[in-house]
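Protein chains in written order, with my numbering: chain A, 1 to 334; chain B, 1001 to 1398. For each residue, glycine too, the CB sits at the ideal point set by N, CA and C. Notes for the one structure printed next.
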């Protein structure tokens, strides 16, 4: 069913404004089927998950936030989505507690501002802490006693322009830690990120710049040997006119008299204004659809599995997320 | 919250509400700096470039400073490559006596230049080669913002001395946190004043009181986690950079003051989406708190208003009737498109109204979405016209 069997870590990136957080949330719902438990992580401190799912701001703790998308005709309950807001300071303290029994020294580090230094100023460390926690959630070990084992983890990642830098932790730390425990740790993380157990999905809209950035992003991911997943085309316009009508709408040759007749037949009080207005709107729409189609060809040429999500006219609320999750499931991303 | 009222920069004479008068802002010789800020993907770069072009063609001597590492502005200005030096934009109509230069920020080079100008050659070399410096200057979140402000300060200083420019338009980076560029100088200062830095500097400054049990505890812990080499690099870095930091801090404060000056105008750019407008609201509030002069809000990519008075519900109902008889009905398709557009416009209007209810004194310009992408001067001119057109969303809007 799914195009991505065996993927445990779904990384969702995209240019700003393309709706990557929405897609990440919908993907988490779609993956949480038939008793599966999925973790949805955010790393950019925006509390976007809390807003989308209409819950209180998330702490640095895994919280159950939603029931997964039910599969029609499948017995048993759907799965569960947990959410985690990863905050670098908390991640560092947790990491220190988990791997180094620092005790008093750990508290001293905090007191002397080392934690703040490491998470805000020390280069690359912030990203490594964030990815490190994601890694820990995917690959739970005995150090984190009693923690939930997840069937899949979805990461609402930084935008396309930063994604390679974000995931390429060993490179980021290369100049700093050539040997030692941090180096070993980041190498282990890279092994997961580069394996078929990870997929980096890119969200785009059918406009020139975002599609171009998606193409660039794929090239950069490939160069860094990170596994490229699917391309999710978001916010696709409605398809209420067929190809022939679109051509006519663009050329301005739609049959105004017939439209006026049908409007009257449908019981609308028609005047020329209404007909002219509808035809003008059709012309605009046809023009945009034409641009979309040319970008769709560019996306197709990227030769990646592609998924399309409609633009919901009322915006995305919780119900809308399930609707999008259903689309993703039907198309095979989940 | 009293006393922290949002100032409306060069337009401060009037209690401005309603549409933002972009041309008045551009024509006002008192406007020396325009800063476009907002979350990622809302069209900041295009807005900055369009404003700069319009100002130039209205007779201002303009430089536009973009920070976005993508070559978006370069593309839209028809320049193959932008670097750290302003270059004239070809094809600008100079009839009114204005001109336009454009540049893209090279943040590492800007940082290097600051270090070179502040430290002795040997010290500078030591800093530039340090792995911490290399990482800090090329990838530290906030460096870009800080360097943008640094470059703004430099260009402003030069322009004042030589009279090259009378208007600087600044595009801000698509930050993780939209206000990183305001916080960056403060963050750098607090980093320098932090206990950790003083701790790291202690050995270099000879015996200090901090060289106590606490210090040993920390260095041992750090060595255990990072390894000895990293700690030594870090110590060298901090010690070396300390000498140039005084200069940094003074400059950062000067730039901050420049942002607060009367000649500066902030434009908050947003898209008619809940997230972008929430971010914009936060921006407006923060600018107010920091006493930064806000000129107004630009809402990009607004859905064009539908024509006629047919409501979305009526259109959907009629479409359903037609589809019942003929599933391929063209008219039903047209009605559904109309309904979709009506709903989008209503939703966007509601979002804007909510923003206006919370921030009634922020003048707003609404720019309808263009059918195509903007990638040439003609496109930028069109955006400029739409910006200046204020709330006239569509010629047939009723």
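Min CB distance residue i to chain A below 9 Å
i                      : result
residue 1149 (chain B) : no
residue 1373 (chain B) : yes
residue 1377 (chain B) : no
residue 1263 (chain B) : no
residue 1059 (chain B) : no
residue 1367 (chain B) : no
residue 1344 (chain B) : yes
residue 1331 (chain B) : yes
residue 1040 (chain B) : yes
residue 1359 (chain B) : no
residue 1307 (chain B) : yes
residue 1352 (chain B) : no
residue 1340 (chain B) : yes
CB contact check: residue i to chain B, cutoff 9 Å
i                     : result
residue 324 (chain A) : no
residue 296 (chain A) : no
residue 85 (chain A)  : no
residue 6 (chain A)   : no
residue 190 (chain A) : no
residue 36 (chain A)  : no
residue 258 (chain A) : yes
residue 201 (chain A) : no
residue 313 (chain A) : yes
residue 243 (chain A) : no
residue 48 (chain A)  : yes
residue 209 (chain A) : yes
residue 238 (chain A) : yes
Integer Cβ distance of residue i from residue j, believed to fall under 8 Å
i                      : j                      : result
residue 1341 (chain B) : residue 1306 (chain B) : 5 Å
residue 153 (chain A)  : residue 8 (chain A)    : 6 Å
residue 1150 (chain B) : residue 1251 (chain B) : 7 Å
residue 1335 (chain B) : residue 1318 (chain B) : 5 Å
residue 89 (chain A)   : residue 115 (chain A)  : 6 Å
residue 1276 (chain B) : residue 1048 (chain B) : Not quite, the Cβ-Cβ distance comes to about 16 Å (not below 8 Å), so this is no contact.
residue 1365 (chain B) : residue 1020 (chain B) : 4 Å
Cβ neighbours of residue i in the same chain (closer than 8 Å, five flanking residues each side left out)
i                      : result
residue 204 (chain A)  : 14, 15, 18, 210, 211, 213, 214, 231, 232, 233, 234 and 299
residue 249 (chain A)  : 241, 279, 282, 283, 285 and 286
residue 1098 (chain B) : 1055, 1056, 1057, 1058, 1059, 1060, 1061, 1062 and 1092
residue 31 (chain A)   : 10, 38, 68, 79, 151, 152, 154 and 334
Sequence-distant residues of the same chain with beta carbon closer than 6 Å to residue i, five excluded per side
i                      : result
residue 227 (chain A)  : 198 and 199
residue 25 (chain A)   : 52 and 321
residue 1322 (chain B) : 1329, 1331 and 1332
DSSP bridge partner residues for residue i (one or two, in chain order)
i                      : result
residue 1034 (chain B) : B:1169 and B:1265
residue 1296 (chain B) : B:1267
residue 1054 (chain B) : For residue 1054 (chain B), which the question treats as bridged, DSSP gives no partner whatsoever.
residue 1122 (chain B) : Residue 1122 (chain B) pairs with nothing; no bridge assigned.
residue 1345 (chain B) : BP columns for residue 1345 (chain B) are empty, so no partner.
residue 1026 (chain B) : None, per the DSSP bridge assignment.
residue 1368 (chain B) : B:1302
Per-residue DSSP class, three states only, for residue i
i                      : result
residue 240 (chain A)  : coil
residue 147 (chain A)  : coil
residue 1147 (chain B) : helix
residue 234 (chain A)  : strand
residue 1115 (chain B) : helix
residue 307 (chain A)  : strand
residue 1301 (chain B) : strand
residue 1101 (chain B) : strand
residue 110 (chain A)  : helix
residue 22 (chain A)   : helix
residue 302 (chain A)  : coil
residue 37 (chain A)   : strand
residue 1313 (chain B) : helix
residue 1065 (chain B) : strand
residue 198 (chain A)  : strand
residue 259 (chain A)  : helix
residue 56 (chain A)   : coil
residue 10 (chain A)   : strand
Same chain, Cβ closer than 7 Å to residue i, five either side skipped, listed in chain order
i                      : result
residue 33 (chain A)   : 68, 69, 71, 78 and 79
residue 1093 (chain B) : 1057
residue 1132 (chain B) : 1233, 1234 and 1237
residue 1310 (chain B) : 1338
residue 1396 (chain B) : Note on residue 1396 (chain B): pLDDT 33, under 50, position unreliable in the model; no value is reported.
Residue i CB to nearest heavy atom of the ligand ATP below 8 Å
i                      : result
residue 1261 (chain B) : The ligand ATP is not part of the structure shown, which contains no ligands of any sort.
Residue-chain proximity (residue i, chain C), Cβ-Cβ < 9 Å
i                    : result
residue 54 (chain A) : In the displayed structure, chain C is absent; the protein chains listed are A and B.
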